[in-house]
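Engineer:
There are 4 protein chains.
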Amino acid sequence: MRKVTIVYASDYGNTEKMAQSVADGVDSVESVSSHLVQAEEVTADDLTSSDGVIIGSPVHMGSVDWRVKKFIDTVCSGLWMQNKLNGKVAGVFVSGGGFGSAGGGCEIAMLSILNNIAELGMLIVPLPKNSPSYKSGGLHWGPYGRSADENMENVGVSDEALAVAKVHGANIARATLAVSGNIIFLE
Amino acid sequence: MRKVTIVYASDYGNTEKMAQSVADGVDSVESVSSHLVQAEEVTADDLTSSDGVIIGSPVHMGSVDWRVKKFIDTVCSGLWMQNKLNGKVAGVFVSGGGFGSAGGGCEIAMLSILNNIAELGMLIVPLPKNSPSYKSGGLHWGPYGRSADENMENVGVSDEALAVAKVHGANIARATLAVSGNIIFLE
Amino acid sequence: MRKVTIVYASDYGNTEKMAQSVADGVDSVESVSSHLVQAEEVTADDLTSSDGVIIGSPVHMGSVDWRVKKFIDTVCSGLWMQNKLNGKVAGVFVSGGGFGSAGGGCEIAMLSILNNIAELGMLIVPLPKNSPSYKSGGLHWGPYGRSADENMENVGVSDEALAVAKVHGANIARATLAVSGNIIFLE
Amino acid sequence: MRKVTIVYASDYGNTEKMAQSVADGVDSVESVSSHLVQAEEVTADDLTSSDGVIIGSPVHMGSVDWRVKKFIDTVCSGLWMQNKLNGKVAGVFVSGGGFGSAGGGCEIAMLSILNNIAELGMLIVPLPKNSPSYKSGGLHWGPYGRSADENMENVGVSDEALAVAKVHGANIARATLAVSGNIIFLE
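These protein sequences, in sequence, are chains Y, Z, C and W.
Quick note, the first sequence lines up with residues 22 to 208 if you use the working numbering.
Quick note, the second sequence lines up with residues 22 to 208 if you use the working numbering.
Quick note, the third sequence lines up with residues 22 to 208 if you use the working numbering.
Quick note, the fourth sequence lines up with residues 22 to 208 if you use the working numbering.
Next comes the structure, spelled out in structure tokens:
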């Protein structure tokens, strides 16, 4: 049995809904199970005992939530020093108001997390454009849930965005099955 | 009279329409005039004789058009070597299909150009969220025109996106008036 | 008298030393004074009463320190909602171990902050390559202080890096003098 | 036998030397062979017949060489339309003058390429910090060869940078062996 841990922060429940859909996607793949944990509660053991890691964040001011960054700085940096996560599989998702039609900074938010993931030596799984529901919630880096409409009214992430989050979870679960047990990086 | 040059490439005319609107914005500000030129035709003199520079590109594969990059590599790099554009004012805009609700890579496309602009020592003018029509075509880095709808059908950039492009041109013209004539950087 | 506020976080004192040099640079320009404040203590008034803002951060895991991001999320986001910082002048600097010869992620750390700055509607001042001491501590986005040598031994940021930090402070002070009092953005 | 294609552009031979070392790394792994081709000559068949793709570029003005972008825009974009490269394995490397100690824009150059790679649906292999020779030529996104010293004198990429390029090639070859034959993405 392979394990994929989903780490997330959430303000009003939108990122949490997406995290739950990602977890459902992971669990839909045979021989893989999900572990869902909030950024402020995750431990080093949660990560080292996992074969895959997926990190989700609200988009605040065009980048990642500070609680997610605190998790990276305090929990992950020690694991980086010791090279403990090398060769695991990883992915990312975000949720935001997304004022306008240009994603409202979700891309840099995703890249900030992927940057941390690359430092940790984990393989990055993107989201192909022919994924189901991509057009309603996908970016090539991962799923993007919009919690607000173009007038910044809070409407909540759509079912289609949740569907593509589930697809992403399943993709990463399959990638984890393929990669785990193989030695990719030598010292 | 201050001069702002708009450099752009265009495939199907969408980025060109935006470039024209940006130029209209520049010309709407007293004492500033626009100069519109395609990326494949711009010369070093076009840039050194300008007080401000605005660069526009189609988004291809989540980043800048190769013709715009060729202009940077061949025309701008010599000016960088000689520190010729230091202290001028600059901005960016893009146009793309933008498959989905997350901007389809427009942010990295904008950042690639802004990266070049920063190397050239030019001050960067962003696009505030309370700009008119922002919600229909704005990102904090600059205007973003979507040429396609969510099914990737080509519908052309909207009038609202053209309106925010004009706002951006006027903003940069005003910034150019404020900055030009002042020495910001010493050697 | 114009005021430039420098907001920073620091772990072992390296970013703090850079912040002090940036402040010295600001104060070296006539008619501009610096205000130095830690990220965990800065208030909204500190920012709204300033004509320029400079943000500095340690590089952690290839991106910005979580305390700096907390400041952005909690202090700046309300100002963004109300468009309170539009048209001010801003810049960035970072300090990090910089394992290897490629900056160890300082570029994305800088961009994450600049992303927030652009959302806040502030003009971005880069660092030209012909700035004094650039080769020992400069990147086009701003000064970069390396606290460690190539073996990750802590040697502290160099005098040259502190010198280029001072240059950046003076540049931003001059840009603030040029821009302040002009209306760049209309609503 | 798995095949990994290395696509690159080179001005003065530095990126080419790195490409050759990456290819040597690929060939050092049993059951994988390298195919080395210049960006201006690569065909769609070169890519669709490969299990892995590695893209290398000189850093120009803080981003990717225009010939590499032309390859992306003209050869890859059609493959993206048809989802032809989904699920393959990919990586990146760059070479540049790297004026100063902060990488001279190599990070955004790498990210621009990785952005294209993500759009193409390929899994991204980073470079862990405990890789041999990392400290002399590594960044978490991939190897970085510096062709110039801190005074911008051309000294050529170092043997250590070439060594880490070889490590990256071998890593990607091993990742290709693990991933190829598995279906990661469903439509």
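We put the CB at the ideal spot given by N, CA and C, even for glycine.
With distances taken between CB atoms, is the gap from Val-85 of chain Z to Ser-133 of chain Z smaller than 7 Å?
Structural biologist: Translated into the one-based positions of the second sequence, residue 85 of chain Z becomes position 64. Translated into the one-based positions of the second sequence, residue 133 of chain Z becomes position 112. Contact flag set, yes.
Engineer: Mind checking the segment 127-161 of chain Z against chain W and listing, in chain order, the residues whose C-beta falls within less than 8 Å of any C-beta there?
Structural biologist: Going along the segment 127-161 of chain Z in chain order, one finds Ile-129, Leu-132, Ser-133, Asn-136, Asn-137, Ala-139, Glu-140, Leu-141 with a Cβ nearer than 8 Å to chain W.
Engineer: Evaluate Gln-103 of chain C with the Cβ neighbour count: other Cβ atoms within 10 Å of its Cβ, from every protein chain shown; 16 or more gives buried, anything less gives exposed.
Structural biologist: In the third sequence, residue 103 of chain C corresponds to position 82, counting from 1. So Gln-103 of chain C counts as exposed.
Engineer: What is the rounded straight-line gap between the Cα of Arg-167 of chain Z and the Cα of Ala-169 of chain Y?
Structural biologist: The residue labelled residue 167 of chain Z in the question sits at position 146 within the second sequence. The residue labelled residue 169 of chain Y in the question sits at position 148 within the first sequence. Computed Cα separation, rounded: 19 Å.
Engineer: Let me know if Tyr-33 of chain W comes out buried or exposed under the rule of 16 or more other beta-carbons within 10 Å of its beta-carbon.
Structural biologist: Residue mapping note: residue 33 of chain W aligns to position 12 of the fourth sequence, counting from 1. It counts as exposed.
Engineer: For Asp-66 of chain W, count the other beta carbons within 10 Å of its own beta carbon; 16 or more makes it buried, fewer makes it exposed. Which is it?
Structural biologist: On the fourth sequence, position 45 is the one that residue 66 of chain W refers to. Label assigned to Asp-66 of chain W: exposed.
Engineer: Taking the alpha helix (DSSP H) that Val-8 of chain W belongs to, which residues open and close that run?
Structural biologist: With chain W represented from 22 up to 208, any question about residue 8 of chain W goes unanswered, as that position is not in the structure.
Engineer: Leaving aside the five residues before and after Trp-87 of chain C along the sequence, list all residues of the same chain whose C-beta is less than 8 Å from its C-beta, in chain order.
Structural biologist: Along the third sequence, read from residue 1 onward, the residue named residue 87 of chain C stands at position 66. Once the five neighbours on either side are set aside, the close Cβ partners of Trp-87 of chain C are His-81.
Engineer: Under a three-way DSSP split, which group does Ser-154 of chain Z fall into?
Structural biologist: As a working mapping, residue 154 of chain Z is identified with position 133 in the second sequence. Coil.
Engineer: Return helix, strand or coil for Ala-30 of chain Y, following the three-state DSSP convention.
Structural biologist: Working through the first sequence from its first residue, we reach residue 30 of chain Y at position 9. Ala-30 of chain Y falls in the coil class under three-state DSSP.
Engineer: Counting only Cβ-Cβ distances shorter than 8 Å, please list the residues of the segment 102-127 of chain C near chain W, keeping chain order.
Structural biologist: Result list: Gly-119, Phe-120, Gly-121, Ser-122, Ala-123, Gly-124, Gly-125, Gly-126, Cys-127.
Engineer: Taking Cβ-Cβ distances below 8 Å as the criterion, which residues of the segment 51-82 of chain Y are in contact with chain C?
Structural biologist: Per Cβ criterion, the list reads His-81, Met-82.
Engineer: Note the first and the last residue of the continuous alpha helix (DSSP H) segment covering His-189 of chain C.
Structural biologist: Working through the third sequence from its first residue, we reach residue 189 of chain C at position 168. Here the alpha helix (DSSP H) through His-189 of chain C covers 180-200.
Engineer: Could you tell me whether the segment 170-185 of chain W touches the segment 126-141 of chain Y, using the rule of 3 or more Cβ pairs below 8 Å?
Structural biologist: No: the two stretches stay apart, fewer than three of their Cβ pairs being nearer than 8 Å.
Engineer: Nearest CA to the CA of Ser-52 of chain Z: which residue from Z:Thr-64, Z:Ile-204, Z:Ala-194?
Structural biologist: In the second sequence, the residue the question calls residue 52 of chain Z occupies position 31. Checked all of Z:Thr-64, Z:Ile-204, Z:Ala-194; the closest Cα to Ser-52 of chain Z is Z:Ala-194.
Engineer: If I measure Cβ to Cβ from Thr-64 of chain Y and keep anything under 6 Å in the same chain, skipping five residues before and after, which residues do I get?
Structural biologist: Position 43 of the first sequence, counted from the first residue, corresponds to residue 64 of chain Y. None.
Engineer: Look at Gly-83 of chain C and Gly-126 of chain C and say whether their C-beta atoms are less than 7 Å apart.
Structural biologist: Position 62 of the third sequence holds residue 83 of chain C. Position 105 of the third sequence holds residue 126 of chain C. Going by C-beta atoms, Gly-83 of chain C is nearer than 7 Å to Gly-126 of chain C.
Engineer: Using beta carbons (cut-off 7 Å, strictly below), is Glu-181 of chain Y in contact with chain W?
Structural biologist: Working through the first sequence from its first residue, we reach residue 181 of chain Y at position 160. Judged by the 7 Å Cβ criterion, Glu-181 of chain Y is not in contact with chain W.
Engineer: Just the chain C side, please: which residues come within less than 8 Å of Asp-45 of chain Y by C-beta, in chain order?
Structural biologist: Start at 1 with the first residue of the first sequence, and residue 45 of chain Y comes out as number 24. Under the 8 Å cutoff, chain C gives no residues; its nearest Cβ is about 29 Å from Asp-45 of chain Y.
Engineer: Can you confirm whether Glu-171 of chain Y, when its beta carbon is compared against all beta carbons of chain Z, has any partner nearer than 7 Å?
Structural biologist: Against the first sequence, residue 171 of chain Y aligns to sequence position 150. Chain Z, which has a Cβ nearer than 7 Å to the Cβ of Glu-171 of chain Y, makes this yes.
Engineer: On the DSSP letters alone, give me the boundaries of the alpha helix (DSSP H) that Ile-76 of chain W sits inside.
Structural biologist: Translated into the one-based positions of the fourth sequence, residue 76 of chain W becomes position 55. That residue, Ile-76 of chain W, is in no alpha helix (DSSP H); its beta strand (DSSP E) goes 73-81.
Engineer: Report the rounded CA-to-CA distance for His-209 of chain C versus Leu-135 of chain Z, giving the unit in angstroms.
Structural biologist: Residue 209 of chain C lies beyond the residue range present for chain C, which begins at 22 and ends at 208; the question has no answer from this structure.
Engineer: Report the option in Z:Thr-36, Z:Ser-42, Z:Val-74, Z:Ala-44 whose CA atom is closest to the CA atom of Ser-201 of chain Z.
Structural biologist: Here residue 201 of chain Z is taken as the residue at index 180 of the second sequence, counted from 1. For Ser-201 of chain Z, the nearest C-alpha among the options comes from Z:Val-74.
Engineer: Counting only Cβ pairs nearer than 9 Å, list the residues of chain C close to Ser-98 of chain Y.
Structural biologist: Position 77 of the first sequence, counted from the first residue, corresponds to residue 98 of chain Y. His-81, Met-82, listed in chain order.
Engineer: Under the rule that 16 or more other beta-carbon atoms within 10 Å means buried, what is Thr-36 of chain Z, buried or exposed?
Structural biologist: Counted from its first residue, the second sequence places residue 36 of chain Z at position 15. By the 10 Å Cβ count, Thr-36 of chain Z comes out buried.
Engineer: State buried or exposed for Ser-54 of chain W, treating a residue as buried only when at least 16 other CB atoms are found within 10 Å of its CB.
Structural biologist: In the fourth sequence, the residue the question calls residue 54 of chain W occupies position 33. Exposed.
Engineer: Mind checking Leu-148 of chain C: buried by the 16 CB within 10 Å criterion, or exposed?
Structural biologist: The residue given as residue 148 of chain C occupies position 127 in the third sequence. That one is buried.
Engineer: Using a Cβ-Cβ distance cut-off of 7 Å, determine whether Arg-167 of chain C contacts chain Z.
Structural biologist: Numbered from its first residue, the third sequence carries residue 167 of chain C at position 146. No - not a single Cβ of chain Z is within 7 Å of the one on Arg-167 of chain C.
Engineer: Could you give the first and the last residue of the continuous beta strand (DSSP E) run that contains Val-110 of chain Y?
Structural biologist: Walking along the first sequence from the start, residue 110 of chain Y turns up at place 89. Here the beta strand (DSSP E) through Val-110 of chain Y covers 110-117.
Engineer: For the beta strand (DSSP E) containing Val-176 of chain Z, name the first residue and the last one.
Structural biologist: Against the second sequence, residue 176 of chain Z aligns to sequence position 155. From DSSP, Val-176 of chain Z is part of no beta strand (DSSP E); its letter is neither H nor E.
Engineer: In three-state DSSP terms, what is Gly-210 of chain Z?
Structural biologist: For chain Z, the structure presents residues 22 to 208; residue 210 of chain Z sits outside this window and is missing.
Engineer: Give the range of the alpha helix (DSSP H) segment to which Ser-98 of chain Y is assigned.
Structural biologist: Reading the first sequence from its first residue, position 77 is the one you call residue 98 of chain Y. It spans 98-102 - the alpha helix (DSSP H) in which Ser-98 of chain Y sits, taken as one unbroken run.
Engineer: Does DSSP classify Leu-132 of chain Y as helix, strand or coil?
Structural biologist: In the first sequence, the residue the question calls residue 132 of chain Y occupies position 111. It is helical.
Engineer: Any beta carbon of chain Z sitting closer than 7 Å to that of Ile-205 of chain C?
Structural biologist: Mapped onto the third sequence, residue 205 of chain C falls at position 184. Ile-205 of chain C counts as touching chain Z.
Engineer: Decide if Leu-144 of chain Y is buried, meaning its Cβ has at least 16 other Cβ atoms within 10 Å, or exposed.
Structural biologist: Taking the first sequence and counting its residues from 1, one reaches residue 144 of chain Y at position 123. Leu-144 of chain Y should be labelled buried.
Engineer: With distances taken between CB atoms, is the gap from Ala-123 of chain W to Gly-124 of chain C smaller than 7 Å?
Structural biologist: For the purposes of this step, residue 123 of chain W is taken as the residue at position 102 of the fourth sequence. For the purposes of this step, residue 124 of chain C is taken as the residue at position 103 of the third sequence. Taking 7 Å as the Cβ cut-off, Ala-123 of chain W and Gly-124 of chain C qualify as a contacting pair.
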